[in-house]
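When we follow this note's numbering, the leftmost residue of the sequence shown carries the number 287, and every step to the right adds one.
C-beta: ideal position from N, C-alpha, C; glycine also.
What you are looking at is a predicted structure, and each value in this text was computed from that prediction instead of being measured.
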Amino acid sequence: MSALTNISRGETTIDFVGLRRRWFMFSAVLILVSLAALGLRQLNFGLEFEGGVAIQSPNPAGAGVEDLRETITSLGLGDARIQLIDDGEAVLVQTGPLDQAAEDELIDVITSLTGVERVDSSLDAVGPTFGTLVARQALIALGVFLALAVLFIAWRLQWKMGLVGIVALFHDMIITIGVYALLQFPVTPATVVALLTILGYSLYDTVVVFDRVEEYTDEMRDDHTYTEIVNRAMNKVLIRSLLTSLTSLIPVGSLLFVGSILLGASSLQDFALALFVGMAAGTYSSIMIAGPLLAVWREGEDEWTAQRHEVHRIRDLRAAKAVGPATAAPPQAPKRQPERTEASPDRPPGSGPAPRPPKKGRR
Numbered sequence: 287m288s289a290l291t292n293i294s295r296g297e298t299t300i301d302f303v304g305l306r307r308r309w310f311m312f313s314a315v316l317i318l319v320s321l322a323a324l325g326l327r328q329l330n331f332g333l334e335f336e337g338g339v340a341i342q343s344p345n346p347a348g349a350g351v352e353d354l355r356e357t358i359t360s361l362g363l364g365d366a367r368i369q370l371i372d373d374g375e376a377v378l379v380q381t382g383p384l385d386q387a388a389e390d391e392l393i394d395v396i397t398s399l400t401g402v403e404r405v406d407s408s409l410d411a412v413g414p415t416f417g418t419l420v421a422r423q424a425l426i427a428l429g430v431f432l433a434l435a436v437l438f439i440a441w442r443l444q445w446k447m448g449l450v451g452i453v454a455l456f457h458d459m460i461i462t463i464g465v466y467a468l469l470q471f472p473v474t475p476a477t478v479v480a481l482l483t484i485l486g487y488s489l490y491d492t493v494v495v496f497d498r499v500e501e502y503t504d505e506m507r508d509d510h511t512y513t514e515i516v517n518r519a520m521n522k523v524l525i526r527s528l529l530t531s532l533t534s535l536i537p538v539g540s541l542l543f544v545g546s547i548l549l550g551a552s553s554l555q556d557f558a559l560a561l562f563v564g565m566a567a568g569t570y571s572s573i574m575i576a577g578p579l580l581a582v583w584r585e586g587e588d589e590w591t592a593q594r595h596e597v598h599r600i601r602d603l604r605a606a607k608a609v610g611p612a613t614a615a616p617p618q619a620p621k622r623q624p625e626r627t628e629a630s631p632d633r634p635p636g637s638g639p640a641p642r643p644p645k646k647g648r649r
């Protein structure tokens, strides 16, 4: 029977908990890379978070980044961010907050280099107060979401499952933010919305796994360890998690690669990238991280430690009983008794069989 058939029927016997060191090491590498990217490259916060001025202009003259930077630096704006959009067909320049005169001067410089009229360019200005407000509201929304998630799982399942679920959520968040830091994609309010979306998706997938663990705990706790229960539950729910993730990642991948990359709809990039990376990380963490971590934690409880010893003791007794009859000595065949002969008057009893009479010769 093929592996796909076993997965589709929930008949796999993958030792998820036993292989936890591999999963944990892989996640540790991803988290370290993400944290290093955050520390070295940092996040490219959009205008909505930092405040400032963003000027976008068509670029029929084909002005390069170096040309723009040299001219803008001469205005005292050396920290401006300059990006070429749609393969150089447009430029985007972002700076900190400017007064009206500095804004007008910057627009004139950019339009002269790109070869367009001033009316063809667009300007967006956001004050630093608004950017701080957006960042604070995003953090509040994240905190409320995490608190409600823990309370719901603790009420519906167990408080330990709630904490393990939050660990899986942070795992997904750190990896997703690390990808943004590596690729230097701008972090916008759309990114925050996508993060909250993937946290909800990851939490849903984790709750599905934990709910199946609770179901099998009621059925199997008398003669199985908690590790065996978790492995059984995850093997049964594996196909559901994979199909759910696949049906979600295909449209999001189309949105990211076709819409934002091939068709140049850059406004979709911030949202689709976070969704794609977060969903993939959420699927991985709900099976490879949350389940094994819960098993390791609960196996340390007194109840399940005693249960593990009892299960192993009973299995050892059964194995000893099964091996006992097979190793016993086979019964010996009864000894053959010698044939009894009647005693003759000429021979004493016990002297053996009587000799044959001699043959008569021919006459």
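Original post:
Can you pull the DSSP bridge partners for A433?
Top reply: Bridge partners of A433: none, in fact.
Original post:
What is the DSSP secondary structure of T652, reduced to helix, strand or coil?
Top reply: Any question about residue 652 goes unanswered here, given that the chain covers just 287 to 649.
Original post:
When DSSP labels each residue in this structure, what does I341 get in the three-state scheme?
Top reply: strand
Original post:
Three or more beta-carbon pairs under 8 Å between the segment 439 to 457 and the segment 297 to 312, yes or no?
Top reply: no
Original post:
What number of angstroms, rounded off, separates the C-alpha of I300 from the C-alpha of N517?
Top reply: 7 Å
Original post:
Is DSSP giving S408 helix, strand or coil here?
Top reply: strand
Subject >> S571 and A454 closer than 8 Å at C-beta >> reply: yes
Original post:
To which residues does DSSP link R604 through a beta bridge?
Top reply: Answer is none; R604 lacks a bridge partner.
**OP:** Measuring only between beta-carbons, confirm whether V315 sits less than 8 Å from chain C.
**Re:** Protein chains in the displayed structure number just one, and chain C is not present.
Original post:
Does DSSP put P383 in a helix, in a strand, or in coil?
Top reply: coil
Original post:
What does Q369 pair with, by DSSP beta-bridge criteria?
Top reply: L378
Original post:
For P578, which of helix, strand or coil comes out of DSSP?
Top reply: helix
Subject >> Residue interval of the alpha helix (DSSP H) (run including V453) >> reply: W445 to L469
Subject >> Cross-strand partners of P472 (DSSP beta bridge) >> reply: N330
Subject >> Distance between L482 and V436 (C-alpha atoms, nearest Å) >> reply: 15 Å
Subject >> Proximity winner among G362, L384 and I393, relative to V377 (alpha-carbon distances) >> reply: I393
Original post:
Going by the CB atoms, is the gap between T533 and E334 shorter than 8 Å?
Top reply: no
**OP:** On a CA-only basis, which of G586, D491 and V379 is nearest L526? Give me that one, please.
**Re:** Sequence check: residue 526 is Arg here, not Leu. Comparing Cα positions, the closest option is D491.
**OP:** In the DSSP assignment, find the alpha helix (DSSP H) that holds A519 and state where it starts and stops.
**Re:** Y512 to G539
**OP:** Return the CA-CA distance between S408 and P346, expressed in angstroms with no decimal places.
**Re:** 15 Å
Original post:
To the nearest angstrom, how far is it from the Cα of V609 to the Cα of F310?
Top reply: 39 Å
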